[in-house]
Amino acid sequence: MNATAALRAQQRYRDDAVLSATPERLVTMLYDRLMLDIERGEAAQRAGDWTEANTQLQHAQSIVAELTSSLSNDWGGSPGLRALYAFLTQTLIGANIGRDPERTRSCHDLVVPLREAWHAAAASVTQARAS
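Following the working numbering, the numbering of the sequence shown begins with -12 at its first residue and continues without gaps.
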């Protein structure tokens, strides 16, 4: 199998994983990728690779926008989480424009407990379904 075919197969596998994922799994996948983007963005900033940092941090902003759009207004926690996502977006933008790896690190530190909470919630839902 040549490299192009392998990449296509890998992309098809990822696409299938997303299409078949439960809603709670989709949220955890978004958080996992958000963490990866922020970590890569920070590493690129520290290396002085501003193009790569910009790419990673803009992708992180897109994920936060997707997480924001997925919030249900019927859920009581939506306003607080929406405000937190707005703050995170503004901080990511500022970190990117200011080429500031410390601000990027603060985004990482903000996302870690959120990611852990969503993973725990998803595990609870999965466990409840299995019962």
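Built from N, CA and C at the ideal position, the CB exists for glycine as well.
These figures come from a predicted structure and were not determined experimentally.
Exercise for the section: Drop a sphere of 10 angstroms on the beta-carbon of V14, count the other beta-carbons inside from all chains shown, and report buried for 16 or more, exposed for fewer. Expected result: buried
Exercise for the section: Note down the Cα distance separating T55 from R20, rounded to an integer number of angstroms. Expected result: 15 Å
Practice task
Taking P88 and Q32 to be in contact with their CB atoms under 8 Å, please state how far apart those CB atoms are, rounded to whole angstroms.
Solution key: 4 Å
Exercise for the section: Taking 9 Å as the cut-off, decide whether the C-beta atoms of T91 and I50 are in contact. Expected result: no
Problem - Backbone secondary structure at A52 - three-state DSSP - result: helix
Practice task
Give the DSSP-derived three-state secondary structure of Y0 in the structure shown.
Solution key: Any answer about Y0 is weak, because its pLDDT of 49 lies below 50 and its placement is not dependable; what the coordinates show is given next. Three-state DSSP puts Y0 in a helix.
Exercise for the section: Just the C-alpha distance for T78 and C94, rounded to the nearest angstrom, thanks. Expected result: Approximately 7 Å between the Cα atoms of the pair.
Exercise for the section: Taking only the alpha-carbon atoms, compute the straight-line gap between T113 and A47 and give it to the nearest angstrom. Expected result: 26 Å
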